[in-house]
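Q:
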Amino acid sequence: MRLSVEHGSFFYEKDRMIFEDINFSVDSGEILAILGPNGAGKTTMLRCITGMLKWKKGKSMLDGENIADMPSKKQWSRMAYVPQAKGVTSAYTAFEMVLLGRSSHLNPFSAPGRKDIRKAEEVMELLGITYLAEKKCSKMSGGELQMVLIAKALAAEPKVLILDEPESNLDFKNQLVVLDAMSGLAQKGMTCIFNTHYPAHALQRAHKALILSKGGDYVFGDTASVVNEENIQKAFGVQAVIGEIETKENIVKDVIPLSITPAERIIADGNDHKIQKNSENERAIAAITIIAQNNDMADRINSLLHAYSEMMIGRMGMPYKECGLYIINITLDGQEERIAKLSHDLSLLPGVSIKTTFAKGEF
-19 MRLSVEHGSF
-9 FYEKDRMIFE
1 DINFSVDSGE
11 ILAILGPNGA
21 GKTTMLRCIT
31 GMLKWKKGKS
41 MLDGENIADM
51 PSKKQWSRMA
61 YVPQAKGVTS
71 AYTAFEMVLL
81 GRSSHLNPFS
91 APGRKDIRKA
101 EEVMELLGIT
111 YLAEKKCSKM
121 SGGELQMVLI
131 AKALAAEPKV
141 LILDEPESNL
151 DFKNQLVVLD
161 AMSGLAQKGM
171 TCIFNTHYPA
181 HALQRAHKAL
191 ILSKGGDYVF
201 GDTASVVNEE
211 NIQKAFGVQA
221 VIGEIETKEN
231 IVKDVIPLSI
241 TPAERIIADG
251 NDHKIQKNSE
261 NERAIAAITI
271 IAQNNDMADR
281 INSLLHAYSE
291 MMIGRMGMPY
301 KECGLYIINI
311 TLDGQEERIA
321 KLSHDLSLLP
331 GVSIKTTFAK
341 GEF
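Here it is in C-alpha cells:
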C-alpha cells in the first residue's frame, strides 16, 4: 500500500512555516525513517500524515485516496499510529490494551472473539511482553508502555504502520526487538514509517529517509544518498562521521557525533546550509559478496540484482547445499552512489550477509 504526501504545507503561526510544499512517498515493503532536530516538526509531520492535524495546503494519500476524505473506520482499519509513550492513567491491563487494537475489526457492539484474542497473544509474543499481560498500564515504566502501545498497533493488522520515536524509553535489547519486528513486517509487505533520533537506525533499517530541518527545508530519497555527513551537519548542527563496523556476518554502518558546529559557521554558510541529496556521480569499481542463509531469498536477490544489471560486469553464484547457503559474487562498474544503494538494499534483506569492497584509485 502506497502512502504519499503531495505538496504538504503546515504552520501553527503564519510567520513560522513548519513544512512548505513537501512531497514524498513510501510503498509496500518499504521503511521510511524521518529524522530532524528537536522542533523541526517530526511528530507534527506524522499527525499531518494521519489527518490528526489538517494540512494548510496539500494532502496525504493512501493508494491514491485522500485520507482526509476517508471514513474513520476505513482509515484506521488500514493504518495504525503509535504515539510517544507519555504515561497513561488507564486501568487497563497490558493484554486489555493490546486487545483494543482489534477494535477496527469489530462491529460497535461486538465482543472480541477467539481470533481477536489469539492475535493479541501473538503480537505480545512477537515483542516479548507476555510477562506484562496482567500488569496495569498505569503502573508501567515508559519503556514497558511503549512496547504495549506498539503491540496494540500490530494487533490491528494494519497495511501501514506509523511509529513516533519507537525506540524512545527502550533499552538496547528492546530497541532491537522493535526494529527487528518492523523489519520483519516490512519484509511481509507492510508500509512502515518511523521518527527517530538515531541516524544509524535509519541507515541500518530504512529504504528511504526524510530529513526535516527547521524552517521548512527538507530532503527525501534513498537512505544511502540522504543520510550523509553533510546533511547531518546541516540539519542537526553537528559534525559527525559515518563509519563502518565489520562484524562476522556484515558490515554495519554507524554514526558518531564529534562536535557541535558553531552557530556563526551555519549563518556564514547561507544557502549552502540547505540539506540535499548526495550529488556524487563518481565512477567506481566494486565487488559484492552475498551469502543467503536459505534459498528462499534467491528470487528476492536476483530481482534486486536485475534492477542494477547495467552496472554488472561479472557474476558467479552457487548453492552450497550441505550448509543450506546460497552464495553470489558480483563485480560492478558504475556510479559510486548506485553501488552504495545496491549494497544498502541487499543489507536490508533478512538472513542475508553482504560485504562490499571498492577498488582503490580513480577510473
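First residue of the sequence shown? That's -19 in the numbering used here, and the numbers climb one at a time after it. Even for Gly, the Cβ is constructed at its ideal location relative to N, Cα and C. A quick note: this is a predicted structure, and the numbers were derived from the prediction, not measured.
If you draw a straight line from the C-alpha of Ala264 to the C-alpha of Val221, how long is it?
A: If you take the alpha carbons of Ala264 and Val221, they lie about 21 Å apart.
Q: Closest to Arg98 by CA distance: which of Thr110, Asn87 and Phe89 is it?
A: By alpha-carbon distance to Arg98, the top candidate from Thr110, Asn87 and Phe89 is Thr110.
Q: DSSP state of Arg(-4), grouped into three classes?
A: strand
Q: Could you say which of Pro146, Lys95, Leu150 and Ala71 lies nearest to Glu114 if we only look at CA atoms?
A: Ala71
Q: Select from Thr311, Glu224, Ala180 and Asn230 the residue whose C-alpha is nearest the C-alpha of Val206.
A: If we check each option's Cα against that of Val206, Ala180 comes out closest.
Q: Mind checking which residues open and close the beta strand (DSSP E) that includes Arg295?
A: Arg295 -> beta strand (DSSP E) spans Met292 to Tyr300.
Q: State the beta-bridge partners of Arg263 as determined by DSSP.
A: Gln315
Q: Fully enclosed by the segment 15 to 47, which beta strand (DSSP E) runs are 3 residues long or longer?
A: 37 to 42
Q: Enumerated in chain order, which unbroken segments of the beta strand (DSSP E) with a length of 3 residues or greater are wholly contained in the segment 175 to 248?
A: 188 to 192, 198 to 202, 218 to 226 and 231 to 240
Q: Got a sec? Which residues, its chain only, sit under 6 Å from Pro92 by beta carbon, not counting five neighbours each side?
A: Cβ neighbours of Pro92 within its own chain (closer than 6 Å, five residues either side excluded): Leu79 and Arg82.
Q: Does the distance from the CB of Tyr306 to the CB of Ala272 come in under 8 Å?
A: yes
Q: Per DSSP, which residues does Thr110 bridge with? Please list them.
A: Beta-bridge pairing links Thr110 to no other residue.
Q: Take the Cβ of Pro138 as the centre, count every other Cβ of all protein chains shown within 10 Å, and call the residue buried at 16 or more, exposed below.
A: Under this definition Pro138 is a buried residue.
Q: Per DSSP, which one or two residues make a beta bridge with Glu(-14)?
A: Lys39
Q: In the structure shown, what three-state DSSP assignment does Lys116 receive?
A: Correct three-state label for Lys116: strand.
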